[in-house]
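J.: Residue numbers (our numbering): 4 to 344.
To start, I am sharing the structure in question, which I have written as structure tokens.
Laid out in structure tokens, this is it:
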């Protein structure tokens, strides 16, 4: 009887364990289905119950971390993820997702450490290299970001955004021709890539190819982009090419969208002055001065506008202020922004 009892007890335990295992597997499947459908509330509930029933289930822990991450619940994601990494320190997915949690929480140093570990653990996935590059770009580590994006694109070259970001990394490491190639590739993959035309235009402008830059900025605006930098850069190029009316219109729009852009106020003043409107130009230069008092350039241009308005004493004061600021900033040749007067 004792032997029969022991056999029955073992069998009962086995059946209980099997039932529990089956339930955990079912909960994980439910959680994944809910996650795929964007039903984060049910996904959290399913993965949380699965983890409570089976704390040693890697899939349940992974699923709960990812769901918390997608739900924006960074505190719980970090807590569960840190506990899971204590148990599975070499799991690339956990390293990746917990790294993203810290990135979203603006803990960039820790995020980069975890994502670099994830790449070393299993660098066969586009997303890991791409997300590590995002962290690096956020810290202005453009050369390192370029390396990660190059690797990401080798794994999957179909993502237009990856090409845009690689172009930005190249642009910021003085590889403008390579940047242009990446922006062009991005736009070939998706002509509506957000800010793709803008970045291509910026690259052209940096090479002095203003007409090509203007064309790209205009294409960006035709896509419905409402971004003050697009209007500013377009207006700046139009000012350089002498299209003063268009420059005034776009620079005014840039300032409507971002009233703190001192460079836009300065360029608007120059366009208005060249267009014969010294009074409006004077007001624009004064705005530029209020936004960036240490910049000599607006004082110089304001003095010129005041001269045209017959305010010679005021003009003399502005020329003097310009000279003082110029002398105080010898490293830039007296120009806080390196502008040519």
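By construction, the Cβ of each residue, glycine as well, lies at the ideal position given by its N, Cα and C atoms.
None of the values given here were measured: they were computed from a predicted structure.
State buried or exposed for residue 307, treating a residue as buried only when at least 16 other CB atoms are found within 10 Å of its CB.
T.: Position 304 of the chain shown, counted from the first residue, corresponds to residue 307. Buried, because 16 or more other Cβ atoms sit within 10 Å of the Cβ of residue 307.
J.: Residue 14: buried (16+ other C-beta within 10 angstroms of its C-beta) or exposed?
T.: For the purposes of this step, residue 14 is taken as the residue at position 11 of the chain shown. Because the pLDDT of residue 14 is 42, which lies under 50, any placement of that residue in the model is unreliable, and the number read from its coordinates should be weighed accordingly. Burial call: exposed.
J.: Just the C-alpha distance for residue 343 and residue 222, rounded to the nearest angstrom, thanks.
T.: In the chain shown, the residue the question calls residue 343 occupies position 340. In the chain shown, the residue the question calls residue 222 occupies position 219. Because the pLDDT at residue 343 is just 48, under 50, the model does not fix this residue reliably, and the point stays unresolved.
J.: In three-state terms, what does DSSP make of residue 317?
T.: Indexing the chain shown from 1 puts residue 317 at position 314. If DSSP states are grouped into helix, strand and coil, residue 317 belongs with the helices.
J.: Less than 9 Å between the beta carbons of residue 110 and residue 83, yes or no?
T.: Taking the chain shown and counting its residues from 1, the one referred to as residue 110 is at position 107. Taking the chain shown and counting its residues from 1, the one referred to as residue 83 is at position 80. Contact flag unset, no.
J.: Near residue 242, what residues of its chain come up, given a Cβ to Cβ distance below 7 Å and the 5 sequence neighbours on each side ignored?
T.: The residue given as residue 242 occupies position 239 in the chain shown. Excluding sequence neighbours, residue 242 sits near 250, 270, 273, 274.
J.: With 16 other CB atoms within 10 Å as the buried threshold, where does residue 331 fall?
T.: On the chain shown, residue 331 is found 328 positions in, with the first residue counted as 1. By the neighbour-count rule (16 or more Cβ atoms within 10 Å), residue 331 is not buried but exposed.
J.: Under 8 Å, with one C-beta from each stretch per pair, do the segment 75-92 and the segment 123-134 reach the 3-pair mark?
T.: No contact exists between the segment 75-92 and the segment 123-134.
J.: Taking all protein chains shown into account, do 16 or more other C-beta atoms lie within 10 angstroms of the C-beta of residue 59, making it buried, or fewer, making it exposed?
T.: What you label residue 59 is simply residue 56 of the chain shown in a count that begins at 1. Burial call: exposed.
J.: Can you tell me whether residue 41 is buried or exposed, with buried defined as 16 or more other CB within 10 angstroms of its CB?
T.: Numbered from its first residue, the chain shown carries residue 41 at position 38. Flag for residue 41 reads exposed.
J.: Could you compute how far the alpha carbon of residue 153 sits from the alpha carbon of residue 165?
T.: Here residue 153 refers to the residue found at position 150 of the chain shown. Here residue 165 refers to the residue found at position 162 of the chain shown. So the alpha carbons of these two residues sit roughly 9 Å apart.
J.: Counting only runs that start and end within the segment 87-147, where is the alpha helix (DSSP H) found for 4 or more residues in a row?
T.: Counting whole runs of 4 or more residues, the segment 87-147 contains the alpha helix (DSSP H) stretches 95-107, 111-124, 129-141.
J.: Taking Cβ positions only, does residue 82 come closer than 9 Å to chain D?
T.: The question asks about chain D, but that chain is absent: this structure has only one protein chain.
J.: By the 10 Å Cβ neighbour count, where 16 or more other Cβ atoms means buried, how is residue 335 classified, buried or exposed?
T.: As a working mapping, residue 335 is identified with position 332 in the chain shown. Caution is warranted here: a pLDDT of 49 is assigned to residue 335, below 50, making its placement in the model unreliable, and no coordinate value can be reported.
J.: Which residue wins for smallest C-alpha separation from residue 187, given the options 219, 101, 43, 209?
T.: Position 184 of the chain shown, counted from the start, is the residue given in the question as residue 187. The option with the nearest alpha carbon to residue 187 is 219.
J.: Determine, using beta carbons only, whether residue 158 and residue 127 come nearer to each other than 9 Å.
T.: Looking up residue 158 in the chain shown gives position 155. Looking up residue 127 in the chain shown gives position 124. Yes, the pair counts as a contact, with Cβ atoms nearer than the cut-off.
J.: Where residue 114 and residue 246 are concerned, what is the direct C-alpha to C-alpha distance, given to the nearest angstrom?
T.: Residue numbering aside, residue 114 sits at position 111 when the chain shown is read from its first letter. Residue numbering aside, residue 246 sits at position 243 when the chain shown is read from its first letter. Roughly 47 Å between the two C-alpha positions.
J.: Specify, as a first and last residue, the run of the alpha helix (DSSP H) that residue 229 falls within.
T.: Taking the first residue of the chain shown as 1, we reach residue 229 at position 226. Unbroken run through residue 229: none, as it is neither H nor E.
J.: Here's the rule I'm using: 16 or more other beta-carbon atoms within 10 Å means buried, otherwise exposed. How should residue 350 be labelled?
T.: This structure leaves residue 350 out entirely; the chain is present only between 4 and 344.
J.: For residue 11, I'd like the list of residues in its chain whose CB is within less than 7 Å of its CB, leaving aside the five on either flank, ordered along the chain.
T.: Here residue 11 refers to the residue found at position 8 of the chain shown. In this prediction, residue 11 has a pLDDT of 41, which is less than 50 and means its spatial position is unreliable; what the coordinates show is noted afterwards. Nothing listed; no residue qualifies.
J.: Going by CA-CA distance only, name the one from 200, 145, 300, 257 that's closest to residue 177.
T.: Taking the first residue of the chain shown as position 1, residue 177 is located at position 174. Considering only alpha carbons, the answer is 145.
J.: Assign residue 336 to one of three DSSP states: helix, strand, or coil.
T.: Residue mapping note: residue 336 aligns to position 333 of the chain shown, counting from 1. Caution applies to residue 336, whose pLDDT of 43 falls short of 50 and renders its modelled position unreliable; the model cannot decide the point.
J.: To which residues of the same chain is residue 68 closer than 8 Å at the C-beta, ignoring the five residues directly before and after it?
T.: Residue numbering aside, residue 68 sits at position 65 when the chain shown is read from its first letter. Excluding positions up to five away in sequence, the list reads 80, 83, 84, 87, 97, 100, 101, 104.
J.: State buried or exposed for residue 305, treating a residue as buried only when at least 16 other CB atoms are found within 10 Å of its CB.
T.: Within the chain shown, residue 305 is the residue found at index 302, counting from 1. Classification of residue 305: buried, given that the 10 Å Cβ count is 16 or more.
J.: Under 9 Å between the Cβ atoms of residue 182 and residue 140?
T.: Translated into positions along the chain shown, residue 182 becomes position 179. Translated into positions along the chain shown, residue 140 becomes position 137. Taking 9 Å as the Cβ cut-off, residue 182 and residue 140 do not qualify as a contacting pair.
J.: The alpha helix (DSSP H) that contains residue 184, what's its start and end?
T.: To locate residue 184, count along the chain shown from 1; it is residue 181. 179-192 is the extent of the alpha helix (DSSP H) around residue 184.
J.: Got a sec? Which residues, its chain only, sit under 6 Å from residue 95 by beta carbon, not counting five neighbours each side?
T.: On the chain shown, position 92 is the one that residue 95 refers to. Answer for residue 95: 121, 124, 125, listed in chain order.
J.: Which of helix, strand or coil does DSSP assign to residue 26?
T.: Counting from 1 along the chain shown, the entry for residue 26 is found at position 23. Helix at residue 26.
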